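For the sequence shown, the UniProt record's numbering gives the first residue as 1, with consecutive numbering after it.
Below is one structure, written out as structure tokens, with a few remarks after it.
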Amino acid sequence: MSGTADVARTAVVTGGASGIGQAIVRRLTADGLKVAVLDLTPGTDDCAFTVDVTDRAQVDKAMDAVRERLGPVSVLVNAAGRDGFTRFAQLAFADWQRVVDVNLNGVFHCVQSALPDMWEGRWGRIVNISSSSAHSGQPFMAHYVAAKSAVNGLTKSLALELGPRGITVNAIPPGFIDTPMLRTAERNQRLGGTIEEHIARTPVRRVGRPEDIAATCSFLVSEEAGYITGQIIGVNGGRNT
Ligand code: NAP
């Protein structure tokens, strides 16, 4: 069990059916937390819910079901995400809106929906998975980078607001992590080079693994990490792009 709490805490991981979210689910489960997944295609897990994080009614319904089955939600990891790749001049507003909706508004809905339990329990951990692209920008991904940058801002503001109640809020902006999202981007020639070329430009000379993000997340949601909040903690092999 993570930290010093004597009862297993309940964690909700959005996007927990694939890639980074899935690794976080495995790690937090191994740490002894009770973990529920909210995802578009959540798999067959006992506590997995089909939820579009942009739909508040779906989020609230799933969060209530989690409370009923596993108890109050004290850990929330927002990993659900969707990328996009279009020259800005051709970017349709509907595409802009969808990417902002999933990556930013989804975080709004999930935090508001889970927050009453943390507030009541005077203890909470929120980790938002943003993106290293928010650091320097990324051509053809203005909508995605705008949304992820906003998530970093939201993280800092919530940390100030919720800290006095024992709730920490941090963001992990991953670098290049080997997941279905990254492989699809490579296949569609959206990466500005192959993964191998990116590895050559990464100080630690390898692509990131979902488990790299999960390990950092595991620490941030632990009891021991209670003095860390409002931080944007890059996990990127030394490369901030
Ligand atoms: P992934 O393998 O595609 O996983 C993302 C998961 O989120 C998928 O299961 C996806 O479901 C789900 N999802 C998408 N839209 C959703 C919605 N509206 N409601 C609920 N679930 C939804 O991607 P990943 O690489 O693990 O990415 C995880 C997070 O890390 C994302 O926020 C991403 O932006 C961020 N990130 C990743 C990288 C990287 O290099 N991989 C770098 C920087 C940031 P479907 O598969 O059914 O769409």
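All residues carry an ideal CB built from backbone N, CA and C; glycine is no exception.
Keep in mind it's a predicted model, so treat the numbers as computed, not measured.
Taking 7 Å as the cut-off, does the CB of residue 113 come closer than this to any heavy atom belonging to ligand 1? As a position in the sequence shown, residue 113 is number 113, starting the count at 1. Outside the cutoff, so no.
* Is DSSP giving residue 171 helix, strand or coil here? -> The count along the sequence shown starts at 1 and reaches residue 171 at position 171. Strand at residue 171.
**Asked** Can we count residue 179 as close to ligand 1, meaning its CB is less than 7 Å from some heavy atom?
**Response** Residue numbering aside, residue 179 sits at position 179 when the sequence shown is read from its first letter. Under cutoff, so the answer is yes.
- Starting from residue 184, follow the alpha helix (DSSP H) in both directions and report where the run begins and ends. Indexing the sequence shown from 1 puts residue 184 at position 184. Here the alpha helix (DSSP H) through residue 184 covers 180-187.
Could you say which of 206, 171 and 189 lies nearest to residue 130 if we only look at CA atoms?
-> As a working mapping, residue 130 is identified with position 130 in the sequence shown. Per the Cα distances, 171.
TODO: Name the two residues that bound the continuous beta strand (DSSP E) containing residue 128.
DONE: Reading the sequence shown from its first residue, position 128 is the one you call residue 128. Residues 124-129.
Item to complete: Out of 222, 223, 214 and 224, state which residue places its alpha-carbon closest to the alpha-carbon of residue 21.
Response: The sequence position of residue 21 within the sequence shown is 21, counting from 1. Ranking the options by Cα distance to residue 21, first place goes to 214.
Beta-carbon separation (whole angstroms), residue 10 vs residue 77, contact threshold 8 Å: Indexing the sequence shown from 1 puts residue 10 at position 10. Indexing the sequence shown from 1 puts residue 77 at position 77. That belief does not hold up - the Cβ atoms of residue 10 and residue 77 are roughly 12 Å apart, past 8 Å.
Would the stretch 85-103 count as touching the stretch 143-160 if we require 3 or more Cβ pairs under 8 Å? yes
Buried or exposed by the 16-neighbour rule on C-beta atoms within 10 Å, applied to residue 38
Walking along the sequence shown from the start, residue 38 turns up at place 38. Answer is buried; the Cβ neighbour count reaches 16.
**Asked** What did DSSP end up calling residue 29 once you bin it into helix, strand or coil?
**Response** The sequence position of residue 29 within the sequence shown is 29, counting from 1. Residue 29: helix per DSSP, three-state reduction.
Practice prompt. Enumerate in chain order the residues of its own chain whose CB-to-CB distance from residue 198 is below 6 Å, with the five nearest sequence positions on each side excluded.
Written response: Position 198 of the sequence shown, counted from the start, is the residue given in the question as residue 198. Around residue 198: 176.
Can you name the residues that DSSP bridges to residue 158? The residue you call residue 158 lines up with position 158 of the sequence shown. Partner(s): none; residue 158 has no beta bridge.
Are the CB atoms of residue 40 and residue 107 within a distance shorter than 8 Å?
Counting from 1 along the sequence shown, the entry for residue 107 is found at position 107. Counting from 1 along the sequence shown, the entry for residue 40 is found at position 40. Not in contact: residue 107 and residue 40 (Cβ atoms no closer than 8 Å).
**Prompt:** Start and end of the beta strand (DSSP E) containing residue 85?
**Reply:** Here the question's residue 85 lines up with position 85 in the sequence shown. No beta strand (DSSP E) contains residue 85, which DSSP labels as neither H nor E.
Mapping DSSP to helix, strand and coil, what is residue 195?
As a first step, residue 195 must be located in the sequence shown, where it is residue number 195. Secondary structure of residue 195 (DSSP, three-state): helix.
>> With three or more C-beta pairs closer than 8 Å as the rule, is the stretch 58-67 touching the stretch 22-31?
In response: no
Rounded Cβ spacing between residue 70 and residue 47 (contact assumed at less than 8 Å): The residue given as residue 70 occupies position 70 in the sequence shown. The residue given as residue 47 occupies position 47 in the sequence shown. Between residue 70 and residue 47, the beta carbon gap of about 6 Å places them in contact (Cβ cut-off 8 Å).
- Message: Counting beta carbon pairs with one atom in the stretch 79-86 and one in the stretch 173-192, are three or more of them shorter than 8 Å?
- Response: yes
### Query
Any heavy atom of ligand 1 within a distance shorter than 7 Å of the CB on residue 8?
Taking the sequence shown and counting its residues from 1, the one referred to as residue 8 is at position 8. No, the beta carbon of residue 8 sits no closer than 7 Å to any heavy atom of ligand 1.
Euclidean distance between Cα positions of residue 228 and residue 139: Mapped onto the sequence shown, residue 228 falls at position 228. Mapped onto the sequence shown, residue 139 falls at position 139. Approximately 32 Å, taken between the alpha carbons.
Worksheet item: Between the beta-carbon of residue 230 and the beta-carbon of residue 159, is there less than 8 Å?
Response: Numbered from its first residue, the sequence shown carries residue 230 at position 230. Numbered from its first residue, the sequence shown carries residue 159 at position 159. For residue 230 and residue 159, yes; Cβs fall inside 8 Å.
- Query: Roughly how many angstroms lie between the CA atoms of residue 192 and residue 241, to the nearest whole one?
  - Reply: Looking up residue 192 in the sequence shown gives position 192. Looking up residue 241 in the sequence shown gives position 241. Distance between the alpha carbons of residue 192 and residue 241 is about 12 Å.
Got a sec? Which residues, its chain only, sit under 8 Å from residue 94 by beta carbon, not counting five neighbours each side? By one-based count along the sequence shown, residue 94 stands at place 94. The answer is none, since no qualifying residue turns up.
- Task: Measure how close the beta-carbons of residue 122 and residue 163 come, nearest whole angstrom, since I'm counting them as under 8 Å.
- Result: Numbered from 1 along the sequence shown, position 122 holds the residue referred to as residue 122. Numbered from 1 along the sequence shown, position 163 holds the residue referred to as residue 163. About 12 Å; that fails the 8 Å criterion.
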